[in-house]
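**Student:** Sharing a structure with you now.
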Amino acid sequence: MLGFQSNPLVVRLTGKRSWPSLRAACWLAFGLGLIGLALTSAVLLNARDAIGPLTFLPFSLIAFSAFVPPIVALIAATLTVRDTHSESYELLTATDISDTAIVQGYVFAALYKLRLLLAMTMGAIPAIVVSVFDLVMRDRAALCPFHVSSGSACEPPPVTLGLVWLMIVIGLWGLNGAAAALGVNWALRWQSEGAAVTFATVVMFMLSLLAAGFWLAIYLPATTVPLPTWLVAFVWMYSPYAAAIGIMQNGERWTRRQ
């Protein structure tokens, strides 16, 4: 577990190891990604119908990815509240362990407990990117006769459009880290399992819906990707990770508030 091996909180919360290990989960995500990329690419290259076989795949995968952050927030809040009410936590706070290590320990422990689910969502990223690219290509092909008859040009979608979807989906996956940090933060703040779980779950559910809505808002116009969309996608990719860091830093002031 890299640098977290020396964190006593992480060692205690993840002491009972079970399958898959962290390394196995990473390999699972890598393997699922390769399989998804190979299958969706093969279908994309061989499909000739106006409505392709990949039409409904990105919607189902995006929906699956969007509902994972609320689950992460729920687990993180529940884990943190229950542990902070234990005698082990009182002994932990009496040591010289830093507040940063405590918050990071709870966040990592929550993500570790959901490593199989997170590996599945990570492995779905290549399939989402390819299937969305397939959707956009077919949508523009269907709209070309309308554009031509109205006198406007109908340009083929750029291949680099897939990079935009890749950035968007990576940002969506990054909401899991922000969700874990949010659940830990509010669990430390309120010391109430019901309040922390309710707040964290509702907020992350709303953020997931906004993420899905953002994705649809970019897809539905079926136009070429302008520079602002690139910028928005780039910012979107990094913002969940920056938010997770900020939320964890905010939660440090509640670690020894009992």
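Following the working numbering, the numbering of the sequence shown begins with 153 at its first residue and continues without gaps.
Even glycine gets a Cβ: it sits at the ideal position worked out from N, Cα and C.
Note that the coordinates shown come from a computational prediction; the quantities given were computed from them, not determined experimentally.
Would the segment 222-233 count as touching the segment 259-266 if we require 3 or more Cβ pairs under 8 Å?
**Tutor:** Yes, the segment 222-233 touches the segment 259-266.
**Student:** With 16 other CB atoms within 10 Å as the buried threshold, where does Thr407 fall?
**Tutor:** Label assigned to Thr407: buried.
**Student:** Output needed for Tyr258: all residues of its chain with C-beta closer than 6 Å, excluding positions within five of it in sequence on either side, in chain order.
**Tutor:** Around Tyr258: Thr232 and Val336.
**Student:** What distance in whole Å lies between the Cβ atoms of Ser283 and Thr166, which are believed to be in contact at a cut-off of 8 Å?
**Tutor:** Actually they do not touch by this definition, with Cβ atoms about 35 Å apart.
**Student:** Do you know whose CA, among Leu361, Asn402 and Glu404, lies nearest Phe216's CA?
**Tutor:** The candidate whose alpha carbon is nearest that of Phe216 is Leu361.
**Student:** Nearest to Phe386 by alpha carbon, out of Leu334, Met319 and Met400?
**Tutor:** Checked all of Leu334, Met319 and Met400; the closest Cα to Phe386 is Met319.
**Student:** Tell me whether Trp171, by its Cβ, gets closer than 7 Å to a heavy atom of the ligand COA.
**Tutor:** By its list of ligands, the structure shown contains no ligand whatsoever, and the ligand COA lies outside what it can speak to.
**Student:** Check whether the segment 334-349 touches the segment 266-274, taking contact to mean three or more Cβ pairs, one atom from each stretch, closer than 8 Å.
**Tutor:** In short, these stretches do not touch, since the Cβ pair count stays below three.
**Student:** What is the rounded straight-line gap between the Cα of Gln401 and the Cα of Leu340?
**Tutor:** Between Gln401 and Leu340, the C-alpha separation is close to 12 Å.
**Student:** Thinking C-alpha only, which one of Val220, Cys178 and Ile187 is nearest Asn328?
**Tutor:** Closest by alpha carbon: Val220.
**Student:** Three-state secondary structure (DSSP) at Ser391?
**Tutor:** In the structure shown, Ser391 sits in a helix (DSSP, three-state: H, G or I).
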